[in-house]
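What follows is a short report on a single structure.
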Amino acid sequence: MWKALHDTYATTSAARQFEIEVELGNLYQGNKDITTYYNEAKQLWTEQDLLSAALLSGSASGEVRAEKAKARTLQFLARLKPEYEAVRSTLLNREGLQLEQVLGALIREETRLRTQAGIDARPGNGDPSVFAVVKGSANNQQVCPSDDSGQSDGTAFAAYRPPSTTRREVECFHCHAKGHTKKYCRSRNFCVYCKKIGHIVPDCPVAPPRPSPNNRNMPTRGTQQGVASRPSGN
5 MWKALHDTYA TTSAARQFEI EVELGNLYQG NKDITTYYNE AKQLWTEQDL
55 LSAALLSGSA SGEVRAEKAK ARTLQFLARL KPEYEAVRST LLNREGLQLE
105 QVLGALIREE TRLRTQAGID ARPGNGDPSV FAVVKGSANN QQVCPSDDSG
155 QSDGTAFAAY RPPSTTRREV ECFHCHAKGH TKKYCRSRNF CVYCKKIGHI
205 VPDCPVAPPR PSPNNRNMPT RGTQQGVASR PSGN
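Listed below in structure tokens is the structure:
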């Protein structure tokens, strides 16, 4: 009877050990944080030790236990996300790698990455050098000053928009609208002819009228008459 019970539970133990090996082989950090990832691995390791007769009885030598702990630490590091590549390389160069030290270093790196992500998401961290050229009528164009001094190169650009994650938090101090800053406000037009704000060159009251595209390259009437009345060389 006792032999039958021993054989039955020994078979069940071997099957569970196989399942644990499969679960450990499929265990990756993925989208989990460091603590959750470690707790899942720790639970499987503990159950694996309980099913190991040598470890449970204490007959395993210290070297065997140390090698097993090292193998688990390396496996834990190998399944991390790519974001932890730098700290992983540093840890692998240490002597006497301990799982507790590895866990502490990874949690500190996780905190640093989370803090940096929060800083990058703050308003004003977008790239203001990215513009889209405006295509359309002159009344819809806006000449954006190149700096706060009001100087411009005369090129028409669309108002800069920050990234979508921060666009709602940006406010224009000129028109008090959301989604852009005063420097790129559409209502703050700048005339490069009279150097005044409030209109652009086509609407400037002191700028000379611009010739139409059809007559731009044609000679003036006076020039035509001068050519016609010029005496011939004969």
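First residue of the sequence shown: 5, per this note's numbering; consecutive thereafter.
Positions of the beta carbon are idealized from the N, C-alpha and C atoms, including for glycine.
- For a cut-off of 8 Å, the C-beta gap from glutamine 52 to leucine 84 is around 21 Å, too long to register as a contact.
- The beta strand (DSSP E) runs lying completely inside the region 34 to 105 and spanning 3 residues or more number zero.
- Straight-line spacing of the CA atoms in isoleucine 24 and tyrosine 42 works out to 15 Å.
- By the beta-carbon neighbour count (other beta carbons within 10 angstroms, threshold 16), alanine 45 is buried.
- When DSSP states are grouped into helix, strand and coil, isoleucine 111 belongs to the helix group.
- Residues Leu110, Ile111 and Glu114 of the same chain have their beta carbon placed closer than 6 Å to that of isoleucine 38, with the five preceding and five following residues left out of the count.
- Rounded to whole angstroms, threonine 40 and asparagine 30 show a C-alpha spacing of 15 Å.
- Look at isoleucine 201 here: in three-state DSSP terms it is strand.
- Beta-bridge partners of glutamate 175 (DSSP): Lys182.
- In this structure, glutamate 27 sits near leucine 48, with a CB-CB distance shorter than 8 Å.
- From the listed residues Arg76, Lys36 and Glu99, the smallest Cα separation to threonine 50 is found for Arg76.
- Looking at Ser17, Val106 and Pro209, the one whose alpha-carbon comes closest to that of valine 91 is Val106.
- Proline 212 has its alpha-carbon roughly 9 Å from the corresponding atom of valine 205.
- Cβ-Cβ distances below 6 Å link glutamate 175 to Lys182 in the same chain, with the five nearest sequence neighbours on each side left out; the list follows chain order.
- Assigned with DSSP and collapsed to three states, valine 210 falls in coil, not helix or strand.
- When only Cα atoms are considered, serine 56 and leucine 78 end up about 21 Å apart.
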